[in-house]
Every structure is written in structure tokens, then in C-alpha cells.
Amino acid sequence: MRNSFDWTPYRRSTVGFDRLFDFLETSGSGAENYPPFDIEKLADDHFRITVAVAGFKSDEIDITAQQNMLTVSGRKAPAAEGEGRQLLYSGIATRAFERRFQLADFVRVERADLSDGLLAIDLVREVPEAMKPHKIAIGGNTPAIEDKKAA
13 MRNSFDWTPY RRSTVGFDRL FDFLETSGSG AENYPPFDIE KLADDHFRIT
63 VAVAGFKSDE IDITAQQNML TVSGRKAPAA EGEGRQLLYS GIATRAFERR
113 FQLADFVRVE RADLSDGLLA IDLVREVPEA MKPHKIAIGG NTPAIEDKKA
163 A
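Encoded structure:
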């Protein structure tokens with residue numbers, strides 16, 4: 013189901029919120045809910061995404077981090093003939109999947125672990141020093157201006 017709300021008037025009166033509006037427009041687009049996942053905050057700048065991937069081995073899962081998008085996909089290897097396995101009922105979902113996560117600016121994937129059918133992906137937000145807020149003195153002499161006067 014496509015979101016039918018028109019965000020155009022709001023786009024014109026805001027600066028820097030383009031990705032927020034893009035997210036609002038694409039949310040609720042009927043994406044599947046498989047595999048299920050949790051997102052938890054471990055510390056101020058540390059997060060973990062846990063994806064339930066029961067039945068998948070580590071070589072059947074692909075994790076790709078590209079710009080502000082994290083993609084987790086899985087494809088089950090075809091069963092070898094003569095494996096000696098005869099399923100009477102198959103309730104463990106092993107269908108192929110692809111799950112995408114929008115990452116905020118300056119978030120990078122630190123590590124990923126697969127244990128007990130849960131894929132844990134640790135994320136860290138590292139804001140560059142130049143991008144961190146800094147205090148500006150009002151009416152005071154700034155070093156850059158003083159350096160120009162001395163030259």
C-alpha cells in the first residue's frame with residue numbers, strides 16, 4: 013500500500029530533511045516481514061540489529077554495507093541428492109530473503125556474528141570531529157581573525 017499523502021509543500025519549507033520525507037514516502041510499501049529482526053541500543057553510539065535466520069549457515073548469508081544502506085540477504089544452498097534426509101514436514105522457513113536497513117549518517121558496521129540461528133550485526137556511530145557541534149563565543153576574538161591581523 014502506497015502512502016498517498018503529498019509531502020511536496022513541506023519539502024519546500026525544510027532544509028536537510030529530504031531523507032526523512034523519502035523514508036516516510038517509502039514506509040508501509042508492503043515489504044515482507046521475513047525474517048523478523050530486533051534493533052537495540054547498547055550505548056549512546058552503539059546499536060545492534062539481530063535477525064532471526066534459523067536454518068541458514070554463515071556462508072548462505074550475505075551482509076552488504078553501502079553508503080547509508082545495510083542489506084542482509086540469504087539464499088539456502090540447494091539440498092544435495094542422496095543426502096539421506098527425508099523430511100515429513102518442513103516448518104523451518106528457508107526461503108531466500110533480503111532485508112534492508114536505512115543507516116543514519118556516520119554509522120558503520122563494526123562486526124557480525126551468527127549464533128543459535130540469530131545473526132547479530134553491531135553498528136557504531138562515529139561522527140567526525142569537524143561535524144560535531146562546537147561552541148562559538150559571541151563578541152570574542154577568534155584565533156582565525158587574530159592570525160590574519162598578525163600576518
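Counting from 13, one number per residue, gives the positions in the sequence shown under my numbering.
Even glycine gets a Cβ: it sits at the ideal position worked out from N, Cα and C.
Nothing here was measured: the structure is a model prediction, and the numbers come from that model.
Take residue 113, set aside five residues on each side of it, and the residues of its chain with a beta-carbon closer than 6 Å to its own are 82, in chain order. Note on geometry: alpha-carbon atoms of residue 111 and residue 126 lie some 16 Å from one another.
Assignment of residue 122 by DSSP, reduced to helix, strand and coil, places it in the strand class.
Between the segment 50-64 and the segment 98-105 there are fewer than three inter-stretch CB-CB distances shorter than 8 Å, so the stretches are not counted as touching. Residue 71 sits in a helix when the DSSP states are folded into three classes. Annotation: residue 136 to residue 76 spans about 15 Å, alpha carbon to alpha carbon. Under the 10 Å beta carbon count, residue 131 is surrounded by 16 or more other beta carbons and is classified as buried. Inter-residue distance for residue 100 and residue 65 is about 22 Å (C-alpha atoms, whole angstroms).
Measuring C-alpha to C-alpha distances from residue 89 to each of 53, 71, 79 and 128 identifies 71 as the nearest.
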